[in-house]
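Taking it in order: structure first as structure tokens, then the write-up.
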Amino acid sequence: MFIFLDESGDLGFDFKKRKTTKKFIITLLVCESDEARREFTKAVKRTLKNKLCRKKENSRHVTELKGTGTTIDIKKYFFRNIKSNRWAIYSLALNKVRVESRLQTKTGKKKLYNYLSRVLLEKLNLIQVSRNVELVVDRCKNKEEVRDFNQYLINQLEALLPLNTDLNISHLTSQESAGLQAVDLFSWGIFRKHECNDYGWYTIYQHKIRFETEYLP
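Counting from 961, one number per residue, gives the positions in the sequence shown under our numbering.
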């Protein structure tokens, strides 16, 4: 099983600032087979090649798909190029307005992020996994944060895994992982739904969402 984790929105709590979001989204793209993972790699590469990197004079070279700045037509093209059905989306939307003040500190936000990631990962049927679970996370943490995140999840999820399987966690940049680019697209759509009541992109892949919830509604 391959799991790609990304987030949309921010964990800032100064709501007087214009750019502070009301919701914070964590999304998982779960590929139940290596074939499904490869399909996403192909879909991302094909979309970049055919829609964003056509040879035009003075055009810039685009190296990754992003939820922001990518048109709905390009997102639809990407989705049509996913041939495998062995994948699903899991997502959690945090209502930041209701977060306790002790969790709004720098240390508190780290604990909150790790906890929400665990809550969402626990929704997967991990006991049925026959091979190791490969979790890929966007590389945006420092070494201490990476260590704390990895250790917390491994300790918390170990009891949910079969005895002969391990949870392996990798922290990569989005340019290094097509799966991270794909989950960024899906997470952005879920964020737009919760933050802006914009369902345009969300409705295209809504049927692939296996679990979605709002935390602290």
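Even for Gly, the Cβ is constructed at its ideal location relative to N, Cα and C.
Report the residue from the options whose alpha carbon sits nearest the alpha carbon of residue i.
i, options, result
"N1055", "I1164, E1104, D966, L1076", "L1076"
"S1134", "T980, T1001, K976", "T1001"
"A996", "K1035, L1008, S1044, Y1112", "S1044"
"N1110", "C1100, A1119, N1128, D1098", "N1128"
"D994", "H1021, W1148, K979, F962", "F962"
"L1052", "L1084, H1021, T1065", "L1084"
"H1131", "R1152, D1108, S1147, C1013", "D1108"
"E1082", "L1113, K979, K1070", "L1113"
"N1115", "K1103, R1099, R1078", "R1078"
"E1136", "R1152, R1170, D1098, S1147", "D1098"
"Q1088", "N1102, D1126, L1063, V1059", "D1126"
With 16 as the cutoff for other CB atoms within 10 Å, does residue i come out buried or exposed?
i, result
"Q1141", "buried"
"K1035", "buried"
"C991", "buried"
"Y1159", "exposed"
"V1057", "exposed"
"D966", "buried"
"H1154", "buried"
"V975", "Here residue 975 is Phe; the residue named in the question, Val, does not match the sequence. Exposed."
"A1138", "buried"
"K983", "buried"
"E1174", "exposed"
"E1118", "exposed"
"E1172", "buried"
"T1163", "exposed"
"H1167", "exposed"
"W1161", "buried"
"E999", "buried"
"I1049", "buried"
"R1152", "buried"
"D1144", "buried"
Please tell me whether residue i has its Cβ less than 8 Å away from any Cβ of chain D.
i, result
"R1058", "No chain D appears in this structure, which consists of one protein chain only."
What distance in whole Å lies between the Cβ atoms of residue j and residue i, which are believed to be in contact at a cut-off of 8 Å?
i, j, result
"L1121", "V1093", "7 Å"
"Y1073", "L971", "7 Å"
"G969", "T987", "Not confirmed; about 11 Å, so no contact."
"F1038", "L1025", "7 Å"
"F973", "L989", "Wrong, their Cβ atoms sit about 27 Å apart, outside the cutoff."
"I1150", "I985", "5 Å"
"E1105", "K1070", "6 Å"
Practice problem: Evaluate contact between the region 1026-1040 and the region 1001-1011, counting only Cβ atoms and requiring at least three cross-stretch pairs below 8 Å. | Solution: The region 1026-1040 makes contact with the region 1001-1011; the number of CB pairs closer than 8 Å reaches 3 or more.
Quiz prompt | Every unbroken alpha helix (DSSP H) within the region 1116-1175, with a cutoff of 4 residues, ordered by chain | solution = 1138-1156, 1162-1165
Quiz prompt | alpha helix (DSSP H) runs wholly inside the region 1025-1071, at least 4 long, in chain order | solution = For the region 1025-1071, whole alpha helix (DSSP H) runs of length 4 or above, ordered along the chain, are 1032-1040.
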